[in-house]
Amino acid sequence: MPLQTPPLRGVHDERGAKFTEFGGWDMPVEFDSIQTEHAAVRGDAGIFDVSHMGQIHVTGSDATKLMQRLTSNDVTRLEVGDSQYAAITDEEGHIIDDTVVYRQPNQAGDPTYLFVPNAGTDEATHERWISYRNEWELEATVDNRTDEYAMFAVQGPDAVELVDDAADEAVDELGRFEAQYATLDDVTCWIARTGYTGEDGFELIVPWSEAESIWSTFDCQPCGLGARDTLRIEAGLLLAGQDFDLESNPRTPYEAGIGFTVKLDTEFLGRDALEDVHEAGIEEKLVGFQLIDRGVPRHGYDITNTESRVIGTVTSGTMSPSLEKPIGLGYVPAEYAEPGTTLQVVVRGQSKKARVETTPFIDTV
Amino acid sequence: MSFDIPDDRRYLESHEWALEDDGTVRVGISDFAQDELGDVVFVELPDTGDELSRDEEFGVIESIKAVSDLYAPVSGEVTAVNESLFDTPELVNEDPFGEGWMLELEADDTAELDELLSADEYEDQIA
Numbered sequence: 032m033p034l035q036t037p038p039l040r041g042v043h044d045e046r047g048a049k050f051t052e053f054g055g056w057d058m059p060v061e062f063d064s065i066q067t068e069h070a071a072v073r074g075d076a077g078i079f080d081v082s083h084m085g086q087i088h089v090t091g092s093d094a095t096k097l098m099q100r101l102t103s104n105d106v107t108r109l110e111v112g113d114s115q116y117a118a119i120t121d122e123e124g125h126i127i128d129d130t131v132v133y134r135q136p137n138q139a140g141d142p143t144y145l146f147v148p149n150a151g152t153d154e155a156t157h158e159r160w161i162s163y164r165n166e167w168e169l170e171a172t173v174d175n176r177t178d179e180y181a182m183f184a185v186q187g188p189d190a191v192e193l194v195d196d197a198a199d200e201a202v203d204e205l206g207r208f209e210a211q212y213a214t215l216d217d218v219t220c221w222i223a224r225t226g227y228t229g230e231d232g233f234e235l236i237v238p239w240s241e242a243e244s245i246w247s248t249f250d251c252q253p254c255g256l257g258a259r260d261t262l263r264i265e266a267g268l269l270l271a272g273q274d275f276d277l278e279s280n281p282r283t284p285y286e287a288g289i290g291f292t293v294k295l296d297t298e299f300l301g302r303d304a305l306e307d308v309h310e311a312g313i314e315e316k317l318v319g320f321q322l323i324d325r326g327v328p329r330h331g332y333d334i335t336n337t338e339s340r341v342i343g344t345v346t347s348g349t350m351s352p353s354l355e356k357p358i359g360l361g362y363v364p365a366e367y368a369e370p371g372t373t374l375q376v377v378v379r380g381q382s383k384k385a386r387v388e389t390t391p392f393i394d395t396v
Numbered sequence: 006m007s008f009d010i011p012d013d014r015r016y017l018e019s020h021e022w023a024l025e026d027d028g029t030v031r032v033g034i035s036d037f038a039q040d041e042l043g044d045v046v047f048v049e050l051p052d053t054g055d056e057l058s059r060d061e062e063f064g065v066i067e068s069i070k071a072v073s074d075l076y077a078p079v080s081g082e083v084t085a086v087n088e089s090l091f092d093t094p095e096l097v098n099e100d101p102f103g104e105g106w107m108l109e110l111e112a113d114d115t116a117e118l119d120e121l122l123s124a125d126e127y128e129d130q131i132a
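Residue numbers (our numbering), protein chains in the order written: chain A, 32 to 396; chain B, 6 to 132.
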């Protein structure tokens, strides 16, 4: 299958980016160096092209009902211009995907939502929404707009000022997880004070055809998926397909550490199973850890206890550019999840000492 | 993008270089290889006194995004390892043909070097 290309593939290539396949998309992984890009976002600001993220638009008199039944959080709490992080779960309560749901201004008097599924999942998610809408006989229009919108993230301590200067509106007045339509360079964009780095900043959903003029508006470090990964690991944020995967590593939101997205007083697919999990307690949990010995933890490495018995698996790991220490995330039995607990990670056959840490690993917004 | 390929040394298809001086062969990785890897954060090297065979894995280099094995260009005994890489692995990025060297071997047979790629041949390989 040919890779999907973001609208600015050529612009990034010209800038000297290296590319990688991610979720079926040919995306920039590195513009200068991961450490340079990472440091820019922690120190001042960086801009990411995240056009591989999906966009699904839902509107209609039953739009709220449809969103409520298919996501774990409580969408009825969203006023226009609010957003929330949520899990999309199956009937066993396992995470299919994680997403941010934005409540947009009503269309034709009906509640309207835009949500952002992960790369490569937009078609399956769109079908899921359509099929349940039909089954439940709800009034809602569901459009997959992934190919209509580019998406950029401007992140870092200076990002709010950069985006505010670029927008006609005073978008710096938006609080965390608030969003609005704003005009940049005569282009209407959906601008949200959200992100995936642990820093303050905005995500911009931009018409595909206007992507280049918006991208070039921002005079800051371009960043690839490499830095996006090191930044989100330091912030303790999950990567779909890696920290949870319905096929290879099915996990409930409680195990994955995002129980706060589960509102058991709402009705959604997976709710009953999750109530049982909530009452029984979880047996395994995602923890953050730091390697004390030299080495770099990587996805798939075994985690053992100090007697070298395998008790879990590393799901994400890197050499943290900010901390200059090897860090990772992985699932372990709940009795090993307490910060300070000593574990071992098996790196190429050698046991390396590790210690459970609280996440996020760094101070975040 | 163009890469440095000094012609005073020989190269492996796996991107190591070998520089011989009076029977001692210094080993590192090429400018192309360090650029492909990106920020080098960890290097694992053998101990001095270890015997290596030609094409044997002698260590591992890790960048933030990738893990790569390192291969011996010739057979011989390890006489020195660049311990400064343990604390400053970024030397591999900054100076791959100089300060970023990895180890030195007392070659069993320096004639083995003749079978490695010349700078021109290596340049063709990465072109």
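The beta-carbon is built from N, C-alpha and C at its ideal position, and this holds for glycine as well.
From this set, the options, which residue's C-alpha is nearest residue i's C-alpha?
i      : options                        : result
A:E286 : A:P59, A:A311, A:L262          : A:A311
A:H125 : A:Y227, A:C254, A:L101         : A:L101
A:W221 : A:I393, A:V132, A:Q35          : A:V132
A:P391 : A:D93, A:D203, A:G151, A:R263  : A:R263
A:I323 : A:T219, A:L354, A:D217         : A:L354
A:E388 : A:S382, A:F53, A:V363, A:V378  : A:V363
B:P78  : B:V72, B:R14, B:I131, B:S7     : B:R14
A:V60  : A:H43, A:V72, A:R73, A:G319    : A:H43
B:E72  : A:T248, A:T349, A:V89, A:V308  : Per the sequence shown, residue 72 of chain B should be read as Val rather than Glu. Checking every option, the nearest Cα to that of B:V72 belongs to A:T349.
A:R207 : A:T219, A:E230, A:L193, A:D196 : A:E230
A:R302 : A:N104, A:P188, A:W56, A:G77   : A:N104
A:T395 : A:A266, A:V173, A:Q321         : A:A266
A:P33  : A:G41, A:R73, A:G55            : A:G55
A:G140 : A:V111, A:T152, A:T120         : A:V111
A:G361 : A:F249, A:V378, A:R176, A:G319 : A:G319
B:I66  : B:R59, B:T53, B:F91, B:L17     : B:F91
B:R59  : B:L17, B:D9, B:I10             : B:L17
A:T248 : A:V185, A:Q135, A:V89          : A:V185
A:D121 : A:V378, A:E298, A:A365         : A:E298
A:V308 : A:L300, A:L109, A:P284         : A:P284
Just curious, the alpha helix (DSSP H) that residue i is in, first and last residue?
i      : result
A:A48  : Segment: none, A:A48 is in no alpha helix (DSSP H) and carries neither H nor E.
A:T248 : 242-248
B:S89  : 89-92
A:S82  : That residue, A:S82, is in no alpha helix (DSSP H); it is neither H nor E in DSSP.
B:G81  : Careful: B:G81 lies outside any alpha helix (DSSP H), inside the beta strand (DSSP E) at 81-86.
A:N280 : First-last for A:N280: undefined, no H or E at that position.
A:T67  : 65-74
A:T261 : 256-265
B:L96  : 96-99
Just curious, the beta strand (DSSP E) that residue i is in, first and last residue?
i      : result
A:T349 : 341-351
B:E109 : 108-112
A:V387 : 381-388
A:V378 : 373-378
B:I10  : Neither: B:I10 is in no beta strand (DSSP E) and is coded neither H nor E.
A:T335 : 333-335
Strictly by DSSP, which residues pair up with residue i?
i      : result
B:A165 : The question about residue 165 of chain B has no answer here: the residues shown for chain B are numbered 6 through 132.
A:W56  : A:Q35, A:F53
A:E315 : A:P364
B:G64  : B:L75
A:G359 : A:F320, A:G348
A:I236 : A:M182, A:W221
B:L1   : Since the first residue shown for chain B is 6 and the last is 132, residue 1 of chain B is missing from the structure and cannot be characterised.
A:A271 : A:F275
A:P253 : A:I78
A:E61  : A:K49
A:V42  : For A:V42, which the question treats as bridged, DSSP gives no partner whatsoever.
- Quick one: any contact between the stretch 160-179 of chain A and the stretch 310-325 of chain A, if contact means 3 or more CB pairs under 8 Å? Verdict: no, contact absent.
- Query: Counting pairs of Cβ atoms below 8 Å between the stretch 39-56 of chain B and the stretch 239-250 of chain A, do you hit three or more?
  - Reply: A contact is defined here as three or more CB-CB pairs under 8 Å, and the stretch 39-56 of chain B fails this definition with respect to the stretch 239-250 of chain A.
- Query: Can you give, in chain order, each stretch of the alpha helix (DSSP H) that sits fully within the stretch 16-61 of chain B and has at least 4 residues?
  - Reply: Taking 4 residues as the shortest admissible run, the stretch 16-61 of chain B contains the following complete alpha helix (DSSP H) segments, listed from N- to C-terminal end: 36-42.
- Could I get the ranges of all uninterrupted beta strand (DSSP E) runs contained in the stretch 85-145 of chain A, with 3 residues as the minimum, in chain order? The stretch 85-145 of chain A contains these whole beta strand (DSSP E) runs: 87-90, 114-120, 126-138.
- Query: Do the stretch 60-79 of chain A and the stretch 255-270 of chain A touch if we need at least three Cβ pairs shorter than 8 Å?
  - Reply: Touching, per the Cβ criterion.
- Task: Only counting runs of 3 or more residues, tell me where the beta strand (DSSP E) segments fall wholly within the stretch 191-234 of chain A, in order along the chain.
- Result: The qualifying runs are 210-215, 218-223.
- Task: Decide if the stretch 344-351 of chain A is in contact with the stretch 320-332 of chain A; the criterion is three or more beta carbon pairs, one per stretch, under 8 Å apart.
- Result: Look at the beta carbons and you see the stretch 344-351 of chain A touching the stretch 320-332 of chain A: at least three pairs across the two are nearer than 8 Å.
- Query: In chain order, which continuous runs of the beta strand (DSSP E) of length 3 or greater are located wholly inside the stretch 165-190 of chain A?
  - Reply: Taken in chain order, the whole beta strand (DSSP E) runs of length 3 or more contained in the stretch 165-190 of chain A are 172-175, 180-186.
- Touch test, the stretch 203-215 of chain A against the stretch 36-45 of chain A, Cβ-Cβ under 8 Å, three pairs minimum: Short answer: they don't touch.
- Query: Between the stretch 193-208 of chain A and the stretch 93-107 of chain A, are three or more C-beta pairs nearer than 8 Å?
  - Reply: No, the stretch 193-208 of chain A does not touch the stretch 93-107 of chain A.
- Mind the definition here: the stretch 110-122 of chain B touches the stretch 14-30 of chain B only if three or more C-beta pairs lie below 8 Å; say whether that holds. Here the stretch 110-122 of chain B makes contact with the stretch 14-30 of chain B; the two share three or more CB pairs at distances below 8 Å.
- Touch test, the stretch 364-373 of chain A against the stretch 74-88 of chain B, Cβ-Cβ under 8 Å, three pairs minimum: Too few Cβ pairs lie closer than 8 Å, so no.
- Item | Any 3 or more C-beta pairs closer than 8 Å across the stretch 375-385 of chain A and the stretch 291-300 of chain A | Judged by Cβ distances under 8 Å, the stretch 375-385 of chain A makes no contact with the stretch 291-300 of chain A, as fewer than three pairs qualify.
- Message: I'd like to know if the stretch 79-90 of chain A and the stretch 145-155 of chain A are in contact, where contact means that at least 3 CB-CB pairs between them fall below 8 Å.
- Response: Flag = yes, the stretch 79-90 of chain A and the stretch 145-155 of chain A touch.
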